[in-house]
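In the working numbering, the protein residues as written are 3 to 312.
A virtual CB, placed ideally from N, CA and C, is assigned to each residue, including glycine.
Predicted model, so just to flag it, every value in this text is computed and none were measured.
Below is one structure; the comments refer to it alone.
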């Protein structure tokens, strides 16, 4: 995969105004190639592969048969017969083995390109997408910009030649956290959280109209429940960090626990019903062994309400 770098910053596809790039070195890249690549992934992943096209970065997940998140992914098109999957580099080998296990006789090839291809995010780039490289607007939220794949060798030179300035490495993680968008095994421990508890439906990563996929039955059942009792939400600890599995309380009521790895943006799995029953209100801190913890409540998520008496 060559980006065919153009040294002219004014070349087609160059951004307008102040545009920045953020490298995502913790992400790896797999490629699924073949005439049946999309059909193969359609039967495995939560997202509808019909939504993947030029200029689209499509969120998706591979679930356990019980409907919990095993791998969270963002997909990019590599032509009619190729799909790129970005995921944790540390778990790329594991994902490769899992996909190979599901492949059976499907005529596709699955490759780990993590050593050759780097993932970057472009922020403030407007509507123009870079040309001649796999790139797409992140469908999870407009503020997440564009995701682009570049050969590791020469990536920085290509970005600078096309008018992108480096942004601080932590900017993207802070932005995702404030938007309530977890990413990677440090924030979504494998096998711990159901797709809807993590808000993958809110992020456009789950289709309820396509056919079967791994974990589909339980995901559909949860969708049609009247109330989702748990939700993975971003939190801020006054101490600056939270250890995994730190219990969070509101007064005498246990309302959840932190799930993120220490040092990662903090996300906690919270019991919405218990928050409502305990009378929680936005801005009210939770208690923990690490001190006060604030919930960052997404603006598009309804506040928890006490259940009506039967």
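The bridge partners DSSP lists for residue 232 are 273. Rounded to whole angstroms, the gap between the alpha carbons of residue 297 and residue 38 is 43 Å. DSSP, reduced to helix, strand and coil, places residue 173 within a helical segment of the structure shown. Residue 225 sits exposed, since fewer than 16 C-beta atoms from the chains shown fall within 10 Å of its C-beta.
Relative to residue 286, the option among 253, 269 and 49 whose CA is nearest is 253. Selection 218, 244 and 233 evaluated against residue 275 yields 233 as nearest (Cα-Cα). In this structure residue 111 touches residue 36 by the C-beta definition: roughly 6 Å separates them, less than 8 Å. Assignment of residue 122 by DSSP, reduced to helix, strand and coil, places it in the strand class.
In the assembly as shown, residue 217 is a buried residue. Its beta-carbon has 16 or more other beta-carbons within 10 Å. Taking all protein chains in view, the Cβ of residue 150 is crowded by 16 or more other Cβ atoms within 10 Å, so the residue is classified as buried. For residue 200, the CB contacts under 7 Å within the same chain, skipping 5 residues up- and downstream, are 71, 184, 190 and 234 in chain order. With a beta-carbon spacing of about 4 Å, residue 30 and residue 94 fall inside the 8 Å limit used to define contacts. The region 78 to 93 and the region 229 to 248 do not touch, with fewer than three beta-carbon pairs separated by less than 8 Å. At the C-beta level, residue 270 and residue 301 stay beyond 9 Å of one another.
Note on residue 176: under 16 other CB atoms within 10 angstroms of its CB, so exposed under the neighbour-count rule. Distance from residue 250 to residue 260 at the Cβ level is roughly 7 Å; contact confirmed, criterion being Cβ atoms closer than 8 Å.
Residue 284 sits exposed, since fewer than 16 C-beta atoms from the chains shown fall within 10 Å of its C-beta.
Here DSSP, grouped into helix, strand and coil, assigns residue 307 to coil. Residue state for residue 166 is assigned as strand, using DSSP reduced to three classes. Secondary structure note for residue 86: its beta strand (DSSP E) is the uninterrupted segment 84 to 90. Counting only residues of its own chain and dropping the five nearest sequence neighbours on each side, residue 240 has a CB closer than 6 Å to the CB of 293 and 294. The three-state reading of DSSP puts residue 212 in coil, since its state is none of H, G, I, E or B. Leaving aside the five residues that flank residue 100 on each side, the residues in its chain whose CB is nearer than 8 Å to its CB run, in chain order, 64, 72 and 73. Under the criterion of beta carbons closer than 8 Å, residue 280 and residue 255 qualify as touching, at roughly 4 Å. Annotation: the region 21 to 76 contains the following complete segments of the beta strand (DSSP E) (minimum length 3 residues), in chain order: 21 to 25, 29 to 35 and 57 to 65. If you ignore the 5 residues before and after residue 28, its C-beta comes within less than 7 Å of the C-beta of 90, 91 and 186, all in its own chain and listed in chain order. For a cut-off of 8 Å, the C-beta gap from residue 57 to residue 130 is around 10 Å, too long to register as a contact. Looking at 137, 96 and 25, the one whose alpha-carbon comes closest to that of residue 114 is 96.
Assignment of residue 140 by DSSP, reduced to helix, strand and coil, places it in the strand class. Nearest neighbour of residue 147 by Cα position, chosen from 167, 133 and 123, turns out to be 123. Residue 251 is bridged by DSSP to 256 and 289. About 6 Å separates the Cβ atoms of residue 152 and residue 135, confirming a contact at the 8 Å cut-off.
With 16 or more neighbouring CB atoms inside 10 Å of its own CB, residue 79 falls in the buried class.
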